[in-house]
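J.: Just passing along the structure, written as structure tokens.
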Amino acid sequence: MSTTTERAFAAAVAAAALLVGCASPQRAESTGSDGAQGYGFGQPATAADLARFYSSLPDGRDLPGGSGTVAQGKVLYEAQCVACHGDNLQGGLGDRLIGGRGTLVNADPSKAPVKTVESYWPYATTLFDYIKRAMPLTAPDSLSNDEVYALCAYILSRADVVGAGATLDAKSLAAVRMPNRDGFIPDPRPENFPPVAQSPHENKAIAPPK
Amino acid sequence: MKHDDFPDDAGSGVGRDRRRFIAGGLGLAGAAASLPLAGHAAVAPGAIERPVPDDPAKAPGYPLEDESYGARSQFETEVRQRYKTATPLSSWTFTPLQDSLGIVTPSGLFFERSHAGTAVIDPRRHTLYVHGLVARPRKYSMRDVRRFPSISRLLFLECSGNGLTEWSKPTLPTVQGTHGLTSTAEWTGVPLSTVLDEVGVRSNARWLLAEGGDGAAMTRSIPMEKAMKDCILAYGQNGEALRPEQGYPLRLLVPGFEGNMNIKWLRRLEVSDAPFMTREETSKYTDIRPDGKAVQFSFEMEAKSVITSPSGGMQLEAPGFHEITGLAWSGRGTIRRVDVSVDGGSSWREAALQQPVLPICHTRFRMPWRWDGKTAAVLQSRCVDDTGYVQPTLGQVIALRGLNGPLGSIYHLNAIQSWQVGRDGKVINVHHY
């Protein structure tokens, strides 16, 4: 995928952070202590210690093994997700998951952009990561890797991002290109604001307290 | 509202005459239903009801206990108020800034934002793992963490969603609702750089993932420069261990950065060469603009101030002297100046800053004011930090970032707040810019 763009963006963000005062010149190139003069507290963290944790990068590094199909995901969704996210993935107690493409550019003051997995999320790997660690709300970290891949496949198929016959695994999930992949920009703040308006805007829409 | 059961009556003998106003409750409008009243409880949370003698000087008080923790006065009623999100498992509560004194937020009134409830963690079973692009991955018990040299620092924390209801129109009536997602505490812990030096960060490290041990396993990517600069692995808050809702037994402090990056219930730090693009830094906590592009990694909480008294929902009892006071803060540094206007921004006077004035910390400002009781007034405060940044008007913010429809723009609203004092002395939330 566009690893180069991704790294350039990350570098730009890091550089911006540096410019706004996050830099510590003595620390910027820290390679750590040599250990000889350290405190020595704690214990080595072994591969076995770390096996229960999971975080992948958007290029797919560290995505776990396993796979799941759209059909498997549909069954799981209806059992585990439908109560909060709705039978049409329209949301409820939980976020709306699909739809909203074309609403992000918004000139209508009466409508807000519809931000869903389909319309807004830049990386499919984030969907795996979030379901794996935090869903379902009442039983987080309870789904197997196969089940999470299947749920990703089902949600992304309903979002018309993958086909109805899709099977997702580490390789194919990382290869998914989300519709809003290029929808994010680095922080432009601090901004140069326009002059303060001369004729005040007043909006006393609130009722005074009784 | 919450004081209706507590008349501002000197005869009640509770010393409330320092309060020149009767504060209103939060009274959320519209979909955010109104908040429960404390009215029917015997006493407010955090207090113990005791008999009140006619003359406390004519009898001994209640005896000192052999062991105690302490409770506030039964006559004090301020409480955090929860915004009525669909589930109390992912929700937030506001600090009652209208009652705030000085700069430190009492731990029991420090605002909350949690994504899967408040985790209950036994510190004897809690472990912090540090791994990834490091020479020596390690794990630390809480006893290990507390052995490192410690530091203490007063820092504000602000949710980047503070004020999210206030973009399009004045919505929540009190400063608790409009600004109550900021609080200040003295934090104690270990400089993160100490632990990162200990594990030996590799030269290609650029980002650090911080992960909570709660049900949300909340994660954010933090630039390594920031991690090495001034972040703190905090276990202390206002002189004691963290409160559970603040991440007991261990949280990350990322000074000046948006609240959600200050990961609570911290269990894991993973060093990487790229950001992880977690849900909380892509689908949430990003700032969409009218052209459809969204600003990502908008870390700093920019300079902001608000008058906490008089503020929305209060009632000026009488013309005459009233002290205008409030809070100012900046995630980029130290507050240098606060100006106050009583005429909606036509003219400004410099307010006095209460010492201490500290970087990345609430700063208390004050200005004497004489209200004539005949004309309405619009009170505003405007702060400047030591980078020279001037707090913008709402009009200036909207001109650049847009409203993007109702609740389209959400995060990082740091505009000047307006409170209108009517001829009847009622103070209400207004837009005036």
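Chains as they are written, first to last, in our numbering: chain Z, 5 to 214; chain H, 969 to 1401. For each residue, glycine too, the CB sits at the ideal point set by N, CA and C.
Pairs of beta-carbons, one from the stretch 52 to 70 of chain Z and one from the stretch 1117 to 1125 of chain H, closer than 8 Å: are there three or more?
T.: Contact fails: fewer than three Cβ-Cβ distances are below 8 Å.
J.: Cβ of ARG1247(H) less than 8 Å from any chain Z Cβ?
T.: Taking the second sequence and counting its residues from 1, the one referred to as residue 1247(H) is at position 279. At least one chain Z Cβ lies under 8 Å of ARG1247(H).
J.: I'd like to confirm the pairing. Which residues does DSSP put opposite ARG1235(H) in its beta bridges?
T.: Here residue 1235(H) refers to the residue found at position 267 when the second sequence is read from its first residue. According to DSSP, ARG1235(H) bridges with nothing at all.
J.: Compare the Cα-Cα distances from SER203(Z) to each of ASN1382(H), GLN1385(H), THR1361(H) and report the closest residue.
T.: Here residue 203(Z) refers to the residue found at position 199 when the first sequence is read from its first residue. It is THR1361(H).
J.: By the criterion of Cβ-Cβ separation under 9 Å, what are the contact partners of VAL200(Z) in chain A?
T.: Absent from the structure: chain A. Protein chains present are Z and H.
J.: Within 8 Å of any Cβ in chain H, is that where the Cβ of LYS175(Z) sits?
T.: Residue numbering aside, residue 175(Z) sits at position 171 when the first sequence is read from its first letter. No, because no Cβ of chain H sits closer than 8 Å to the Cβ of LYS175(Z).
J.: If I'm right that PHE45(Z) touches ARG1115(H) with Cβ under 8 Å, what's the distance once you round it to whole angstroms?
T.: Taking the first residue of the first sequence as 1, we reach residue 45(Z) at position 41. Taking the first residue of the second sequence as 1, we reach residue 1115(H) at position 147. The Cβ separation is near 5 Å, so the contact holds.
J.: Would LYS1272(H) and TRP1297(H) qualify as a contact pair, given that the criterion is a beta-carbon distance under 8 Å?
T.: As a working mapping, residue 1272(H) is identified with position 304 in the second sequence. As a working mapping, residue 1297(H) is identified with position 329 in the second sequence. It is a contact, given that the beta carbons lie within the stated cut-off.
J.: If the cut is a Cβ gap below 7 Å, which residues of chain Z does PHE1244(H) touch?
T.: Position 276 of the second sequence, counted from the first residue, corresponds to residue 1244(H). Near PHE1244(H) (Cβ distances below 7 Å), the residues of chain Z are SER59, LEU61.
J.: Closer than 7 Å to a non-hydrogen atom of the ligand GTP - does that hold for the CB of LYS1232(H)?
T.: With respect to small molecules bound, the structure shown includes none, and the ligand GTP cannot be examined in it.
J.: List the residues that DSSP assigns as beta-bridge partners of PHE197(Z).
T.: Reading the first sequence from its first residue, position 193 is the one you call residue 197(Z). Its beta-bridge partners do not exist; DSSP assigns none.
J.: Specify the secondary structure class of HIS1399(H) as computed by DSSP and reduced to three states.
T.: As a first step, residue 1399(H) must be located in the second sequence, where it is residue number 431. Strand.
J.: Taking 8 Å as the CB-CB cut-off, is TYR220(Z) touching chain H?
T.: Residue 220(Z) lies beyond the residue range present for chain Z, which begins at 5 and ends at 214; the question has no answer from this structure.
J.: So, at 7 Å on beta carbons, what are the nonlocal neighbours of MET1327(H) in its own chain, with the 5 sequence-adjacent residues on each side left out?
T.: Within the second sequence, the letter at position 359 stands for residue 1327(H). Reading off the sequence shown, one finds Pro at residue 1327(H), where the question assumed Met. GLY1301, THR1302.
J.: If I follow the unbroken beta strand (DSSP E) through HIS1290(H), where does it start and stop?
T.: Residue mapping note: residue 1290(H) aligns to position 322 of the second sequence, counting from 1. Segment 1288 to 1297, the beta strand (DSSP E) holding HIS1290(H).
J.: Using a C-beta cutoff of 8 Å, does GLY1260(H) count as contacting chain Z?
T.: Stepping through the second sequence from its first residue, residue 1260(H) is reached at position 292. Yes, because at least one Cβ of chain Z sits closer than 8 Å to the Cβ of GLY1260(H).
J.: Could you give the first and the last residue of the continuous alpha helix (DSSP H) run that contains CYS88(Z)?
T.: Start at 1 with the first residue of the first sequence, and residue 88(Z) comes out as number 84. First-last of the alpha helix (DSSP H) with CYS88(Z): 86 to 89.
J.: In this structure, what does DSSP give as the bridge partners for VAL1346(H)?
T.: Counting from 1 along the second sequence, the entry for residue 1346(H) is found at position 378. In the DSSP output, where bridge partners are listed per residue, VAL1346(H) has ASP1311(H), GLN1388(H).
J.: Quick one: what's got a C-beta closer than 6 Å to LEU1134(H)'s C-beta in the same chain, skipping five residues either side?
T.: Here residue 1134(H) corresponds to residue number 166 of the second sequence, with the count starting at 1. The displayed chain sequence assigns Glu, not Leu, to residue 1134(H). Cβ within range, chain order: THR1146.
J.: Residue range of the alpha helix (DSSP H) that ALA154(Z) falls in?
T.: Counting from 1 along the first sequence, the entry for residue 154(Z) is found at position 150. 149 to 162 is the extent of the alpha helix (DSSP H) around ALA154(Z).
J.: Taking 6 Å as the limit between beta carbons, can you name the residues of its chain near ARG1056(H), skipping five residues before and five after?
T.: The residue labelled residue 1056(H) in the question sits at position 88 within the second sequence. Before going on, a small fix: residue 1056(H) reads as Pro here, not Arg. No residues qualify anywhere along the chain.
J.: Any contact of the stretch 1363 to 1383 of chain H with the stretch 107 to 116 of chain Z, i.e. 3+ C-beta pairs under 8 Å?
T.: The stretch 1363 to 1383 of chain H, when compared against the stretch 107 to 116 of chain Z, does touch it at the 8 Å Cβ threshold.
J.: Just mark ALA138(Z) as buried or exposed, buried being the case when its beta carbon has 16 or more other beta carbons within 10 Å.
T.: Sequence index remark: in the first sequence, residue 138(Z) carries index 134 (1-based). Under this definition ALA138(Z) is a buried residue.
J.: At least one CB of chain Z closer than 8 Å to the CB of ALA1027(H): is that the case?
T.: If you number the second sequence from 1, residue 1027(H) lands on position 59. So, not an interface residue.
J.: Using DSSP bridges, identify the partner residues of VAL1158(H).
T.: Within the second sequence, numbered from 1, the residue matching residue 1158(H) stands at position 190. In the DSSP output, where bridge partners are listed per residue, VAL1158(H) has LEU1201(H).
J.: So, at 6 Å on beta carbons, what are the nonlocal neighbours of PHE1265(H) in its own chain, with the 5 sequence-adjacent residues on each side left out?
T.: In the second sequence, the residue the question calls residue 1265(H) occupies position 297. Excluding residues within five positions, none has a Cβ falling inside 6 Å.
J.: May I ask which residues mark the beginning and end of the alpha helix (DSSP H) holding VAL1365(H)?
T.: The residue you call residue 1365(H) lines up with position 397 of the second sequence. Looking at the DSSP string, the run of the alpha helix (DSSP H) that includes VAL1365(H) is 1362 to 1369.
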